[in-house]
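Okay, structure first, notes after.
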Amino acid sequence: MRLVNPNGEAFDLQHRSVYTADDMLMLKFAALQGTGMTVLLDYLYGDEMRSGLLVPVLPGWAPLGMKVLAVFLRGLAWCRPCGGFWTS
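Each residue of the sequence shown is one higher than the one before, counting from 1 in full-length UniProt numbering.
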């Protein structure tokens, strides 16, 4: 995983995965069980950060070049707000 610090310097973090999932909520639950650290979206950890259950590992650092995949079910009506992503 490539990370960037607050000064813009990049660092390649070498890690060994002990748990993988394609569901961020499951990754959050794994972290809450003490499995290790994870990267989560802001809205998934707010309550746990405020209560002290989860703590930042590298404050100010962020993953560099993370991929985002947006999908929708074929055949459903087109999502008008989403259309801007493909037409702009």
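A virtual CB, placed ideally from N, CA and C, is assigned to each residue, including glycine. Please read these numbers as outputs of a predicted model, since none were measured by experiment.
Cα-Cα separation, residue i to residue j
i: T38; j: W61; result: 13 Å
i: L41; j: E9; result: 22 Å
i: Y19; j: A30; result: 8 Å
i: N7; j: L58; result: 13 Å
i: residue 95; j: L32; result: With the chain running from 1 to 88 in the structure shown, residue 95 is simply not present.
i: G52; j: V4; result: 25 Å
i: P63; j: R2; result: 6 Å
i: L13; j: Y45; result: 22 Å
Residues bridged to residue i [DSSP beta-bridge criterion]
i: P59; result: DSSP, once it has assigned bridges, lists no residue as partnering P59.
i: L3; result: F11, P63
Nearest neighbour of residue i, chosen from the options [CA to CA]
i: residue 89; options: R16, H15, Y43; result: With the chain covering only 1 through 88, there is no way to say anything about residue 89.
i: V55; options: R16, H15, G34; result: G34
i: H15; options: D23, Y45, G36, M26; result: G36
Residue i - containing alpha helix (DSSP H), residue span
i: L25; result: 24-32
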